[in-house]
Amino acid sequence: IAEVAARHAHEVDREGRFPSESVQAMRDSGLLAAWVPQSLGGPGLSLRQIASICAQIGGACGASGMIFAMHQIKLSSIVHHAGASPWYQQLQKRVVAEALLLGSVTSEVGVGGDIRRSLTHVVREGDRFKLDKHGSVVSYGAYADALLITARADEQSPPNGQVMVTVLKNQYQLEKTGSWDAMGMRGTCSDAFMIRAEGACEQIFEAPFAEIIANTMLPVSHILWASVWFGIAHSALLRTRAHLRSVMKQSGGQLPAAATRLPDLVARVQLLHARLLSAATRFEAAMVAGQGALPMSLTTDLTLLKSTMSEGCLAVVQEALTTVGFAGYKTEGAASLGRHLRDLHSAPLMINNARLIETMSSFLLMDPLQFGLA
Numbered sequence: 085i086a087e088v089a090a091r092h093a094h095e096v097d098r099e100g101r102f103p104s105e106s107v108q109a110m111r112d113s114g115l116l117a118a119w120v121p122q123s124l125g126g127p128g129l130s131l132r133q134i135a136s137i138c139a140q141i142g143g144a145c146g147a148s149g150m151i152f153a154m155h156q157i158k159l160s161s162i163v164h165h166a167g168a169s170p171w172y173q174q175l176q177k178r179v180v181a182e183a184l185l186l187g188s189v190t191s192e193v194g195v196g197g198d199i200r201r202s203l204t205h206v207v208r209e210g211d212r213f214k215l216d217k218h219g220s221v222v223s224y225g226a227y228a229d230a231l232l233i234t235a236r237a238d239e240q241s242p243p244n245g246q247v248m249v250t251v252l253k254n255q256y257q258l259e260k261t262g263s264w265d266a267m268g269m270r271g272t273c274s275d276a277f278m279i280r281a282e283g284a285c286e287q288i289f290e291a292p293f294a295e296i297i298a299n300t301m302l303p304v305s306h307i308l309w310a311s312v313w314f315g316i317a318h319s320a321l322l323r324t325r326a327h328l329r330s331v332m333k334q335s336g337g338q339l340p341a342a343a344t345r346l347p348d349l350v351a352r353v354q355l356l357h358a359r360l361l362s363a364a365t366r367f368e369a370a371m372v373a374g375q376g377a378l379p380m381s382l383t384t385d386l387t388l389l390k391s392t393m394s395e396g397c398l399a400v401v402q403e404a405l406t407t408v409g410f411a412g413y414k415t416e417g418a419a420s421l422g423r424h425l426r427d428l429h430s431a432p433l434m435i436n437n438a439r440l441i442e443t444m445s446s447f448l449l450m451d452p453l454q455f456g457l458a
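Residue numbers (the numbering used here): 85 to 458.
Quick look at the structure:
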């Protein structure tokens, strides 16, 4: 997948088009079903295995890596919060057999980017439901085979009284209301749409969305997003080293002055890798233990992971650009880092870091902040 993604990454970025080639490679590999358990015919990969794939694809093409990550985030919600439902068991089997691509409509015009609040609500009519939602950012919405949509449970529910529903492509209509002509992550094609959907009530998750987002969706999002960002930063490091080697070869073996920046770059990437691996390992252990609500210390750790990785990976690419110089500033060439830098500028904005840090500040005042080394 990564090889295909790398081959088309420049064109996808330049044209702002959907990375159809890399997504087809995902379908052909069977890895769109990565999270589906073996009992339902899937590979049943672990969180860390999926995170590793996200990093590899992200290093080749940030948009392709993010599409893979967002799909797996939706699939994790189904596996862990609707796995006992016959309808959702059948859906998982279809993801395996048909390589369905799952999209998401958690954003909404009018809520200021707060995905824990909804304006629209589900309208139930017997064993059927209808739902109209104006999604402000619907990543690869026009290319998805199914959408997972959040809304208030009913007309009387408060904004945070949300449920999540899954609708298949033949159960909804999309009306495009805004285009995605963005600075980076251009291939995610995150246009705005008015979505009109209907389906059977069995397609509504029984678990409230507040439970899904707290225990699975947000932690998995932060880990898989961070994996994509890490892949981009690691790619920038490798490009920087390759450029310095080329310069040294051209100068008859003389060490370039800029090479003195390389140890610091490597150390930064190592720290980011350790931070990501630690968080993924802790959360994976909690998932295996099946302990229900996550402990506050782990929730805090996974929230801070997002801000740390988004800013840290961006800083690595910025430093790599300074090290490489104009060879990295150019849009063409093996040392080009423009796409890496622009893609990573989206990272602090995906659930704005300022909002996360404000939320975490009060929790950290109460956290014991113990850091054992044993």
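For every residue, glycine included, the Cβ atom is placed at its ideal position computed from N, Cα and C.
So, under 8 angstroms CB-CB, residue i and residue j are touching, yes? Tell me the CB distance rounded to an integer number of Å.
i       : j       : result
Ile-297 : Arg-200 : 7 angstroms
Leu-258 : Ala-226 : 6 angstroms
Val-247 : Phe-314 : Wrong, their Cβ atoms sit about 33 angstroms apart, outside the cutoff.
Leu-203 : Gly-194 : 5 angstroms
Ala-363 : Leu-389 : 5 angstroms
Pro-103 : Ala-135 : Going by Cβ atoms, the distance from Pro-103 to Ala-135 rounds to 20 angstroms, so no, they are not a contact pair.
Tyr-256 : Ala-281 : 4 angstroms
Asn-436 : Ser-394 : No, Asn-436 and Ser-394 are not in contact; Cβ-Cβ is about 10 angstroms, not under 8 angstroms.
Take residue i and list the residues in its own chain whose beta-carbon comes closer than 7 angstroms to its own, dropping the five residues that flank it on each side.
i       : result
Met-110 : Ile-85, Leu-116 and Phe-152
Ser-420 : Gly-412 and Lys-414
Gly-125 : Lys-177 and Val-180
Val-251 : Ala-230, Leu-231, Ile-233, Ala-281, Gly-283 and Gln-287
Have a look at residue i and residue j and give me their C-alpha separation to the nearest angstrom.
i       : j       : result
Ala-377 : Ala-326 : 45 angstroms
Thr-387 : Leu-360 : 12 angstroms
Met-332 : Pro-347 : 16 angstroms
Ser-160 : Glu-416 : 37 angstroms
Asp-441 : Leu-382 : The amino acid at residue 441 is misidentified as Asp; the sequence shows Ile. Their backbone Cα atoms lie some 15 angstroms apart in a straight line.
Asp-451 : Thr-443 : 13 angstroms
Val-96  : Thr-261 : 22 angstroms
Ser-263 : Arg-101 : 12 angstroms
His-92  : Gln-140 : 15 angstroms
Trp-171 : Ile-162 : 11 angstroms
Gly-337 : Gly-143 : 29 angstroms
Met-150 : Trp-309 : 7 angstroms
Leu-457 : Gly-114 : 40 angstroms
Pro-432 : Gln-156 : 21 angstroms
So for residue i, helix, strand or coil by DSSP?
i       : result
Phe-455 : coil
Gln-338 : coil
Phe-213 : strand
Met-278 : strand
Ser-255 : As written in the sequence, residue 255 is Gln, which differs from the Ser given in the question. Three-state result, Gln-255: helix.
Gly-376 : coil
Lys-260 : strand
Ser-161 : helix
Val-249 : strand
Gly-283 : strand
Ile-307 : helix
Ser-188 : strand
Ser-223 : coil
Arg-200 : coil
Leu-355 : helix
Kindly list the residues whose CB is nearer than 6 angstroms to the CB of residue i, restricted to its own chain and excluding five residues on each side of it in sequence; keep chain order.
i       : result
Gly-268 : Arg-426, Asp-427, His-429 and Ser-430
Pro-127 : Ala-118
Arg-323 : Ala-419
Val-372 : none
Thr-407 : Thr-324, Ala-342 and Arg-345
Apart from the five residues just before and just after residue i, which ones in its own chain have a Cβ nearer than 8 angstroms to its Cβ?
i       : result
Ala-237 : His-205, Val-206, Gly-245, Gln-246, Val-247 and Pro-292
Val-400 : Ala-317, Ala-320, Leu-321, Leu-349, Arg-352, Val-353 and Leu-356
Gln-402 : Leu-425
Leu-448 : Thr-384
Gln-173 : Leu-124 and Gly-167
Does the region 216-224 come close enough to the region 263-278 that 3 or more CB-CB pairs lie under 8 angstroms? yes
Within the chosen definition, does the region 296-311 reach the region 350-370 through at least 3 CB pairs nearer than 8 angstroms? yes
Please confirm if the region 181-193 is in contact with the region 165-173, defined as three or more CB-CB distances below 8 angstroms between the two stretches. no
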